[in-house]
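S.K.:
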Amino acid sequence: MPRRLCETIVCLLVALIGVGTWLISPFAVVSGSMSPTLLGPHCEFTCEHCGTRNFRPLEAELPLDGRLSCRGCERTGPRAAELPVTPGDRLLVDRTAFAVRSPRRWEVAALRLPHEPSKIAVKRIVGLPGETVSLSGGELYIDGRREPRPAELAHLTLEKPRVPEPPTQWKLGGDEYFVLGDFPAVSDDSRLWQAGPGVAAQLLIGKPLIVHYPYRTLLWYGRPVHVPDVSSIRYIR
Ligand SMILES: [Zn+2]
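In terms of my numbering, the sequence shown opens at residue 12 and continues consecutively.
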């Protein structure tokens, strides 16, 4: 093959990989704020009574006796200290999603934090530009009317345990989105930001497509080897 053609093919391949990585970027989930939808470093156990799989973000507060309870049947489970720590999920994020359409209510988005744009977080969009958002009794209100949750999100708590006092009503600007974590007890999100609740549209990076972590640790001649755990792959709609 002529050298020129080889060079062209190599350049094209490099460009394709570059563009591909930009369009679909990998990110690691570093906090438990979206648990149980997306997991940061966490402990997990399967309840011996009802079979529910339970996940506990590392930053969640422990009960006094250190024992975890099952979110399915509320019975007491193992001590947190006895459980190994599982690393956080890794995501592939589609950066083109919001270039072709506007973000929708209830969808999960990767974004830059407004007060710290170098940090990337994953949150759920609940308020759209121009809306007035309020949270009361674990329910979302938009412009004063209760906004029903999709059935698949019925298990989420939209309460605000870390908001000490009012205001619990927020007015969004013309290109701002209100975002919440699925695990409000540890989530740093629109409810808490001093500079205002809104995430400007330009800070929304894209939509997580695939969760492709954690790795499973195997022993290879006595050394730990991390291989992708295919059973852990989940898709986000
Ligand atoms: Zn249980």
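A virtual CB, placed ideally from N, CA and C, is assigned to each residue, including glycine.
1) Relative to the C-alpha of G149, which residue among L164, G83, P140 is closest?
2) Expressed to the nearest angstrom, what Euclidean distance is found between the alpha-carbon atoms of H126 and W204?
3) Considering only heavy atoms of ligand 1, does any lie closer than 7 Å to the CB of G192?
4) Report the rounded CA-to-CA distance for G141 versus V25, giving the unit in angstroms.
5) Inspect the beta-carbon positions of A211 and E187 and report whether they are closer than 8 Å.
6) To which residues does DSSP link C54 through a beta bridge?
7) From what residue to what residue does the alpha helix (DSSP H) around V111 run?
8) Mind checking which residues open and close the beta strand (DSSP E) that includes F38?
9) Once you ignore the five residues that flank L183 on each side, which residues in its own chain have a CB closer than 8 Å to its CB?
10) Assuming P68 and G51 are in contact, meaning their beta carbons sit under 8 Å apart, how far apart are those beta carbons, in whole angstroms?
11) Note the first and the last residue of the continuous beta strand (DSSP E) segment covering P89.
12) Quick one: what's R156 bridged to in DSSP?
13) In three-state terms, what does DSSP make of V96?
14) Who are the near neighbours of H53 in its chain, counting only those whose CB is closer than 8 Å to its CB and skipping five residues on each side?
15) Which residues count as close to ligand 1 when the rule is a CB under 5 Å from any of its heavy atoms, in chain order?
16) Here's the rule: buried if 16 or more other CB atoms are within 10 angstroms of the residue's CB, otherwise exposed. What is D105?
17) Relative to ligand 3, is the shortest distance from any of its heavy atoms to the C-beta of A162 smaller than 7 Å?
18) Three-state secondary structure (DSSP) at L23?
19) What does the Cβ neighbour count give for P114, buried or exposed, with the cut at 16 atoms within 10 Å?
20) State yes or no: is the beta carbon of R116 nearer than 8 Å to at least one beta carbon in chain B?
21) Can you list, in chain order, the residues of its chain with a C-beta nearer than 6 Å to that of R160? Leave out the 5 residues immediately preceding and following it.
22) For A162, is the classification buried or exposed, using 16 other Cβ atoms within 10 angstroms of its Cβ as the cut-off for buried?
M.R.: Let me spell this out:
1) Residue mapping note: residue 149 aligns to position 138 of the sequence shown, counting from 1. The shortest CA-to-CA distance from G149 to any of L164, G83, P140 is the one to L164.
2) If you number the sequence shown from 1, residue 126 lands on position 115. If you number the sequence shown from 1, residue 204 lands on position 193. If I take the Cα positions, the gap works out to 8 Å.
3) Working through the sequence shown from its first residue, we reach residue 192 at position 181. Short note on G192: C-beta not closer than 7 Å to any heavy atom of ligand 1.
4) By 1-based counting over the sequence shown, the position of residue 141 is 130. By 1-based counting over the sequence shown, the position of residue 25 is 14. Straight-line Cα distance between these residues: approximately 42 Å.
5) For this step, residue 211 is matched to residue 200 along the sequence shown. For this step, residue 187 is matched to residue 176 along the sequence shown. Yes, the pair counts as a contact, with Cβ atoms nearer than the cut-off.
6) In the sequence shown, residue 54 corresponds to position 43, counting from 1. BP columns for C54 point to R67.
7) Translated into the one-based positions of the sequence shown, residue 111 becomes position 100. Note, V111: alpha helix (DSSP H), 108 to 111.
8) Taking the sequence shown and counting its residues from 1, the one referred to as residue 38 is at position 27. Taken as a continuous stretch (DSSP letters only), the beta strand (DSSP E) holding F38 covers 35 to 39.
9) Numbered from its first residue, the sequence shown carries residue 183 at position 172. Excluding residues within five positions, the ones whose Cβ falls inside 8 Å are G138, L139, P140, G141, E142, T143, V144, F189, P208, G209.
10) The sequence position of residue 68 within the sequence shown is 57, counting from 1. The sequence position of residue 51 within the sequence shown is 40, counting from 1. The Cβ separation is near 6 Å, so the contact holds.
11) In the sequence shown, the residue the question calls residue 89 occupies position 78. Annotation: the continuous beta strand (DSSP E) that includes P89 extends over 87 to 90.
12) On the sequence shown, position 145 is the one that residue 156 refers to. Note: R156 sits in a beta bridge opposite I153.
13) Within the sequence shown, residue 96 is the residue found at index 85, counting from 1. If DSSP states are grouped into helix, strand and coil, V96 belongs with coil.
14) To locate residue 53, count along the sequence shown from 1; it is residue 42. Result list for H53: G43, S46, F66, R67, P68, L69, V96, T97, G99, in chain order.
15) Answer in sequence order: C58, H60, C61, T63, C81, G83, C84.
16) Taking the sequence shown and counting its residues from 1, the one referred to as residue 105 is at position 94. With 16 or more other Cβ atoms within 10 Å, it is buried.
17) With respect to ligand 3, the structure offers nothing, as its ligand set consists of ligand 1.
18) Reading the sequence shown from its first residue, position 12 is the one you call residue 23. If DSSP states are grouped into helix, strand and coil, L23 belongs with the helices.
19) Indexing the sequence shown from 1 puts residue 114 at position 103. Buried, because 16 or more other Cβ atoms sit within 10 Å of the Cβ of P114.
20) As a matter of chain content, chain B is missing from the structure shown, which is built from one protein chain.
21) By 1-based counting over the sequence shown, the position of residue 160 is 149. Result list for R160: empty, nothing under 6 Å.
22) Your numbering for residue 162 matches position 151 in the sequence shown. Its Cβ having fewer than 16 others within 10 Å, A162 is exposed.
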